[in-house]
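The structure under discussion appears below in the form of structure tokens.
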Amino acid sequence: SQSNAFFLLFRSFFITMIKAFVTVGVLAALVACASAACPNQCSGHGRCGSDDVCSCFYRWTGNDCGQRLCKEGLAWVDGSDANPHSWAECSNKGICDRDSGECQCFPQYDGAACERSVCPNDCS
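Printed below as a string of structure tokens:
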């Protein structure tokens, strides 16, 4: 009948349109991924997102994931009242060497995260 033919024609058109939209969506996603242009290609230490922003792997930081993070320890000096005894890189008693990822502790502090105080005169 004529009503059945119209339904089949409409159904065929609708399915074709859905396939076209899905194909366009998939192609757009592939183009976005392929054309992602993150800085320095995330230095090999992260993934480039479709928004051209690096998502760094563990222990790496920076807009191009080219800097190492140092170990953290409990901060020697409290932070805000809302976050007392927080963890801090190099325990806030050293400076992180971003090339090596190792803490350079201030005098009188020691440990991988500068988490220990040094005994005066080597405890003698």
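Residue numbers (mature numbering (1 follows the signal peptide of the UniProt record, and there is no 0)): -20 to -1, 1 to 104. The beta-carbon is built from N, C-alpha and C at its ideal position, and this holds for glycine as well.
Which two residues bound the contiguous beta strand (DSSP E) that contains R27?
G26 to C28
State the DSSP-derived secondary structure class of L54, mapped to helix, strand or coil.
strand
Whole angstroms are fine: how far does the CA of P100 sit from the CA of D79?
30 Å
Could you check where the beta strand (DSSP E) with D77 kicks off and where it finishes?
G74 to D77
Taking all protein chains shown into account, do 16 or more other C-beta atoms lie within 10 angstroms of the C-beta of residue 106, making it buried, or fewer, making it exposed?
A question about residue 106 goes unanswered here, because the residues of the chain that appear run from -20 up to 104.
What are the boundary residues of the beta strand (DSSP E) that C36 is part of?
C34 to C36
Could you check which residue in S104, R(-10), D77 and W67 has the C-alpha nearest to that of E95?
W67
By a C-beta neighbour count over all protein chains shown, 10 Å radius and 16 as the cutoff for buried, is C103 buried or exposed?
exposed
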